[in-house]
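Presented below is the structure to which this report refers.
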């Protein structure tokens, strides 16, 4: 059985390590130090740790002030509170002046399980992706989370990193890099491409194994850098495989799927299917049951892959993109 790590657990450990190295790092949370795993930092560096209580808007404003004073604030709460309750403060006080604030939000998506719709953040990526100057990252496993947190600590400017409550299988080793604006091919194939982020990457790999047994070769791309997107790698995959399926534990509106759809519509029109939460809220339930209910399973991906292959055969793509002549960049 594959090793499992919790992305929020790794975050807590990595943050404490970074605190030893960089004395300018400060941490803010809103009565959720245990759940977001920043409590270790708080115990080790109590003078650089601030619990703002249930006052997320004030927390973002305070983080902006600390960043303006030269500190490197890491702000952590649940994704639904970080992105929704404090959106205006993030826009006005952090993104507009492009301050050096790191928002590391845990409990993203429906795998928050029994906490229900009020705590299932299925729109946070869209809210953050729409903000100028904001970088958006969703690591696919614990080791990539470690690399992303190290990157965030050294990068100047606003960053939103979305982590999960659940533990899920490790894909990369401990030395894996994180490079902003770069995706990675974690499995190669030429029949179609899965472009995934977060927990959906390992689900896509499981689906690809099932399809491989039937002679269908699937390319799986880990797109942990959602903004900026690795446009060139995704367009090359569209050209080479002729069909794309995106997957995310998030609404299909304004998330990774929307970003890829926008890219393909302007550059390479191939069959595309977005897998995710289809314009609805979450509901109370066991995480595994909810993933099945919303079609975020290997079996559901297999079915979707077979359907899109039929479209690919019936509708040959109009190739509009040439990697040799076009370089597509995205401003943050």
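In the numbering used here, the protein residues as written are 88 to 419.
Every residue gets a Cβ at the ideal spot worked out from N, C-alpha and C, and that includes glycine.
Remember, predicted model here, so these are calculated numbers, not experimental data.
CB-CB under 6 Å to residue i, same chain, minus the five flanking residues each way: which ones, in chain order?
i           : result
residue 58  : A question about residue 58 goes unanswered here, because the residues of the chain that appear run from 88 up to 419.
residue 131 : 103
residue 242 : none
Short of 7 Å in beta carbon distance, which residues of its chain neighbour residue i, apart from the five on each side in sequence? Order them along the chain.
i           : result
residue 344 : 333, 335, 361, 363
residue 153 : 113, 160
Please name the residue in the options whose C-alpha comes closest to that of residue i.
i           : options            : result
residue 293 : 277, 310, 311, 273 : 273
residue 183 : 219, 268, 366      : 219
residue 160 : 316, 102, 141      : 102
residue 276 : 141, 167, 303      : 303
residue 395 : 281, 339, 352      : 281
residue 340 : 355, 319, 352, 365 : 365
residue 291 : 278, 307, 279      : 307
residue 139 : 162, 99, 112, 367  : 162
Can you tell me which of the three DSSP states residue i falls into?
i           : result
residue 404 : Residue confidence is low: residue 404 scores 49 on pLDDT, short of 50, so the model does not pin down where it sits. Its coordinate-derived value is still stated next. The answer is coil: DSSP assigns residue 404 none of H, G, I, E or B.
residue 108 : helix
residue 335 : strand
residue 97  : helix
residue 160 : strand
residue 258 : coil
residue 313 : strand
residue 360 : strand
residue 138 : strand
residue 384 : coil
residue 415 : Bear in mind that the predicted position of residue 415 carries a pLDDT of just 46, short of 50, making it too unreliable to give a figure here.
residue 306 : strand
residue 173 : coil
residue 129 : helix
Should residue i go down as buried or exposed, given a rule of 16 or more other Cβ atoms within 10 Å for buried?
i           : result
residue 226 : buried
residue 79  : The displayed coordinates of the chain run from 88 to 419. Any statement about residue 79 would go beyond what the structure contains.
residue 222 : buried
residue 288 : buried
residue 414 : For residue 414, the predicted model reports a pLDDT of 45, less than 50, meaning its position is unreliable; a value from the coordinates is still stated below. With fewer than 16 other Cβ atoms within 10 Å, it is exposed.
residue 375 : exposed
residue 156 : exposed
residue 271 : buried
At least one CB of chain B closer than 8 Å to the CB of residue i: is that the case?
i           : result
residue 151 : Although the question refers to chain B, the structure presented lacks it and comprises just one protein chain.
Could you tell me if the beta carbon of residue i falls within a distance shorter than 7 Å of some heavy atom in the ligand FMN?
i           : result
residue 264 : For the structure depicted, the ligand FMN is absent and the ligand set is empty, with no information on it obtainable.
Within a Cβ cutoff of 8 Å, which residues of the same chain sit near residue i, ignoring the five residues on either side of it in sequence?
i           : result
residue 201 : 371, 372, 373
residue 313 : 212, 216, 223, 224, 225, 284, 342, 343, 346
Does the stretch 192-208 come into contact with the stretch 345-357, if we say contact requires no fewer than three beta-carbon pairs (one atom in each stretch) closer than 8 Å? no
Under 8 Å, with one C-beta from each stretch per pair, do the stretch 126-136 and the stretch 165-182 reach the 3-pair mark? no
For the stretch 388-399 against the stretch 312-331, are there 3 or more C-beta pairs whose distance is under 8 Å? yes
Quick test of the definition: if touching needs 3 or more C-beta pairs under 8 Å, does the stretch 238-253 touch the stretch 94-112? yes
Determine contact between the stretch 228-248 and the stretch 262-269, defined as no fewer than three beta-carbon pairs at a distance below 8 Å. Touching, yes, given that three or more Cβ pairs across the two stretches are closer than 8 Å.
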